[in-house]
Amino acid sequence: MGTCDRKGQFARLVWSRKFVLIFHELSMTGAPLSMLELATELLSCGATVSAVVLSKKGGLMPELARRRIKVLEDRADFSFKTAMKADLVIAGSAVCASWIDQYITHFPAGGSQIAWWIMENRQEYFNRSKIAIDRVKMLVFLSESQSKQWLTWCKEENIRLRSPPAVIQLSINDELAFVAGITCSLNSPSSSPEKMQEKKKLLRASVRKEMGLTDNDMLVMSLSSINPGKGQFLLLESTDLVIGQEPFQNLRSSLDMGEDVSSLAAKHHLRTLLQELSDVGRFSKKVQISGGSSLRLNEHLNSINHTDVENLDKSHRRKALSNHEGVKEQALKVLIGSVGSKSNKVFYVKDILRFLSNHLNLSQSVLWTPATTRVASLYSAADVYVINSQGVGETFGRVTIEAMAFGLPVLGTDAGGTKEIVEHNVTGLLHPVGRPGTRVLAQNLQFLLQNPSVREQMGMNGRKLVERMYLKRHMYKKFAEVLYKCLRPK
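First residue of the sequence shown? That's -1 in my numbering, and the numbers climb one at a time after it.
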């Protein structure tokens, strides 16, 4: 829930103001989650918030209800009337273009009270936005690379914006910072950052045990919707190279697997797909479903005590002594999410499952986790994070900074927002997009597998970067600057 900094400029600006937030959908993905947290923070700081949901696709509706965010049933006339009475309308995706266009047609002066927070970076989204992009008060982007690209497209189309755009990079929320042991508004004398760091160690041990992992396993994690743009198939090919089942020159792409793989109707969800495959026994022994993400985080944290911490420290000391006697080679494990996400592409999931069925050694090293908003336990259990987004890359990639907050080195594609966040050889390692990146990613995985101390140092560097640039107070300071320019004086 929101924990307003009432002394900050953001709180002073939004107090007693009315906002309408436009959600393009309710999936557990970047844009809807960011808008959910913005709505929560606005409410926490004394604002009135109404939400217009253009598509109820996804599972966030119960969360909106839990946070007492009022959702307008109507997406047309009634929403327009509510927006007209608001101090500011904030649209949270390029997909909101049609609503914005209709609203300004209905109320021509309405564009002067719209801040459009665009979270996509592909040209198809720019093309959808052209109908209204020059009629809103201000555009807001997630990264410098995204802003530069959109301004280039505007120039090519002779589109002149009403004002210079702003860049607001995302942050980790206080709930995640709290579990990661980073100072935040949720800390208390009994749950100081130092004590939370100790509890995080026990949380890690508990979750890894539930996943069936040992201290000798290096868990590589990648959380996102499962589709070609996120590159999970290429990640598994890289993993296969490390495990050594296939020689480098024999890599197979999803295009080599036959057209029959994509015959399943796209409307089916991944969860259903996996269940069907399991029922017929084709993959029952080859695909593991991790229970880690369904863990009740608070129960784990509350059950951790100082005796547990002391015992854990002793076990670490024993492990350190045994390491001097002989270092065991670490085993690579990969955790992929998000199973059940509405944004998954089932044809792509079938490609992956078929690939795993033909690579038994690899399949035994792969775990899956359901879509969830409670990811802290997963970050606690992991050793390395991979963001393998293809094409133009991530617009920003919030999961990147979340992983860094938990001290994970990041292996990412040298594209989009990722290359702005990850400093090569300092907080992680970068690799090219596409087929050329498969071999490089494999080499980077192998390097971190063989060099735990480098892994730890990169993770520490990333955590320091988050504390310096990507906490909630950093984001809302920038948001306050945008609101100051967009809101009319009281």
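All residues carry an ideal CB built from backbone N, CA and C; glycine is no exception.
So, for residue i: in the same chain, excluding its five sequence neighbours on each side, which residues have a beta-carbon less than 6 Å away from its beta-carbon?
i    : result
K16  : T46, A84, D85
S48  : V18, K68, L70, T80
S222 : K228
A37  : L19, V47, I67
G391 : T411, A413, G414, T416
V93  : H22
K527 : The requested residue 527 does not occur in the structure, where the chain is confined to residues -1 to 488.
S110 : K135
In terms of alpha-carbon separation, which member of the options lies closest to residue i?
i    : options                : result
L406 : G56, S451, G435        : S451
F8   : K343, W97, K475        : K475
N423 : D213, Q144, Q455, V397 : Q455
F105 : S127, F76, S145, W115  : F76
M473 : M216, R396, L428, A92  : R396
V373 : E208, V332, S336, L439 : S336
A89  : A107, L233, W115       : W115
D72  : A63, S53, L62          : S53
K488 : S14, C2, G6, T1        : S14
M33  : D381, V438, L168, F231 : L168
I399 : F78, P430, M458        : M458
W97  : K470, V50, G28, L469   : V50
Q230 : S186, D349, Y468       : D349
T1   : A95, V87, M82, S183    : S183
Less than 8 Å between C-beta atoms, sequence neighbours within five positions excluded: which residues of the same chain meet that for residue i?
i    : result
K55  : E23, L24, S25, K340
V12  : L40, C43, G44, A45, L481
P564 : Residue 564 cannot be examined here, being either before or after the span of the chain that is shown, -1 to 488.
Mapping DSSP to helix, strand and coil, what is residue i?
i    : result
D3   : coil
W97  : helix
K340 : coil
T411 : strand
M26  : coil
W13  : coil
I67  : coil
M117 : coil
H422 : strand
F139 : strand
A89  : strand
K331 : strand
I241 : helix
I399 : helix
H357 : coil
I507 : With the chain represented from -1 up to 488, any question about residue 507 goes unanswered, as that position is not in the structure.
V259 : Confidence in V259 is poor, its pLDDT being 29 and thus under 50, which makes the residue's placement too unreliable to answer from.
Buried or exposed for residue i, going by 16 or more other Cβ atoms inside 10 Å?
i    : result
N321 : With a pLDDT of 40 at N321, under the threshold of 50, the predicted position of this residue should be treated as unreliable, though the coordinate-derived value follows. It counts as exposed.
S313 : At S313, the pLDDT of 43 sits below 50, so the modelled position is not reliable and the matter cannot be decided from this model.
M136 : buried
E122 : exposed
A74  : exposed
R4   : exposed
N214 : exposed
E327 : exposed
M209 : buried
N442 : buried
R486 : exposed
P30  : buried
Report all residues from its chain with a CB closer than 7 Å to the CB of residue i; omit the five preceding and five following residues, and keep chain order.
i    : result
S145 : F139, P163, V165
T393 : M117, E118, N119, L140, S141, Q144, G414, G415
D99  : I129, A130
E35  : N171
A401 : Y377, Y383, V408
L360 : L234, T237, D238, I241, Q243, L354
E465 : I180
Q147 : N119
F78  : Y101, H104, F105
R158 : D132
For a cutoff of 8 Å on Cβ pairs, would you count residue i as touching chain D?
i    : result
L211 : As a matter of chain content, chain D is missing from the structure shown, which is built from one protein chain.
Item to check | Three-pair Cβ contact test at 8 Å for the region 385 to 394 versus the region 410 to 423 | outcome: yes
Item to check | At least three beta-carbon pairs within less than 8 Å, the region 427 to 447 to the region 143 to 163 | outcome: no
Next on the checklist: Below 8 Å, how does it come out for the region 183 to 195 and the region 481 to 488: are there three or more Cβ pairs, yes or no?
Outcome noted: no
Item to check | Contact between the region 178 to 186 and the region 146 to 159 (3+ Cβ pairs under 8 Å) | outcome: no
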